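Right, one structure below, let's go through it.
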Amino acid sequence: MQSEHLQQIIEYYIEDTKDYLNRSEKDLLDLESLLKDREKMNGLGCHLKSIKGGAAMLGLGSIQSIAQCLEDVFRAIELCGSPIQADQKLKDLLMQVFYALKDLVGHLSESSGLTDEKAAQVMSEIEPVKESLIAHLNWLVKDSCPICRSEIAIASDSPEEIPSLDDLQSLIDELSLDSSST
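For the sequence shown, my numbering begins at 41 and goes up steadily by one.
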């Protein structure tokens, strides 16, 4: 009975996630417009949070990790305050990460499901792309947002790499000093 119930939950998750991905893809393909529309950005953030949260609940670490990366990217863009220039490299890297997420969800919906091997393969292929995306985004943010001088932090599974409250307070103090001096 429990496995039937779990399978039903997974089917609901897949259905909702595919819907979120389809809506998000349309927005991502028109990235310039997305970055200028706070409502669309908020919608994308909600979709990514839902995908990430459902994946966490179901123990789908690979899907959770990629959704977290995308969520962090858009949160960093939003926190920048001033619009960044969405160049072709940013679009390409974002879409590669997005399509890796879509690929994992596609495998999850197949009768064989998302195997650990397939998840590991996709994650090993997408990890360098995620790193390139973060590096490029850091460059774009620093270029278009003079107040944002710290690098974008992407959530990590490692507790040592998670910023502490002291780190957050230091960042707030630094931003307060920067904005009061301008």
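All residues carry an ideal CB built from backbone N, CA and C; glycine is no exception.
A quick note: this is a predicted structure, and the numbers were derived from the prediction, not measured.
Helix, strand or coil for S151 per DSSP? As a first step, residue 151 must be located in the sequence shown, where it is residue number 111. S151: coil per DSSP, three-state reduction.
Boundaries of the alpha helix (DSSP H) in which D112 is found, first to last residue: Locating residue 112 in the sequence shown gives position 72, counting from the first residue. Where D112 is concerned, the enclosing alpha helix (DSSP H) stretches over G101 to C120.
Reference D70; option with closest CA among L180, A116 and A126: For the purposes of this step, residue 70 is taken as the residue at position 30 of the sequence shown. With distances taken between Cα atoms, D70 lies closest to A126.
What are the uninterrupted segments assigned as alpha helix (DSSP H) that are 4 or more residues long and contained completely in the segment 59-104, given in chain order? 71-76 and 78-98
Which of the three DSSP states, helix, strand or coil, is assigned to Q128? Position 88 of the sequence shown, counted from the start, is the residue given in the question as residue 128. In the structure shown, Q128 sits in a helix (DSSP, three-state: H, G or I).
P168 in three-state terms, based on DSSP: For the purposes of this step, residue 168 is taken as residue 128 along the sequence shown, with counting starting at 1. Assigned with DSSP and collapsed to three states, P168 falls in helix.
To the nearest angstrom, report how far apart H176 and L130 are at their CA atoms. Here residue 176 refers to the residue found at position 136 of the sequence shown. Here residue 130 refers to the residue found at position 90 of the sequence shown. If I take the Cα positions, the gap works out to 7 Å.
Less than 8 Å between C-beta atoms, sequence neighbours within five positions excluded: which residues of the same chain meet that for L134? Within the sequence shown, residue 134 is the residue found at index 94, counting from 1. L68, L71, L110, V113 and L173.
Can you tell me whether S43 is buried or exposed, with buried defined as 16 or more other CB within 10 angstroms of its CB? Taking the sequence shown and counting its residues from 1, one reaches residue 43 at position 3. With fewer than 16 Cβ atoms within 10 Å of its Cβ, S43 is classed as exposed.
Any idea if L119 is buried or exposed, counting beta-carbon neighbours within 10 angstroms, 16 or more meaning buried? As a working note, residue 119 is residue 79 in the sequence shown. So L119 counts as exposed.
Could you round the C-beta distance between G94 and Y53 to whole angstroms and report it? I think they count as a contact, below 8 Å. In the sequence shown, the residue the question calls residue 94 occupies position 54. In the sequence shown, the residue the question calls residue 53 occupies position 13. Contact holds; Cβ gap of about 5 Å.
Could you compute how far the alpha carbon of D59 sits from the alpha carbon of L180? Against the sequence shown, residue 59 aligns to sequence position 19. Against the sequence shown, residue 180 aligns to sequence position 140. Rounded to the nearest angstrom, the two C-alpha atoms are 30 Å apart.
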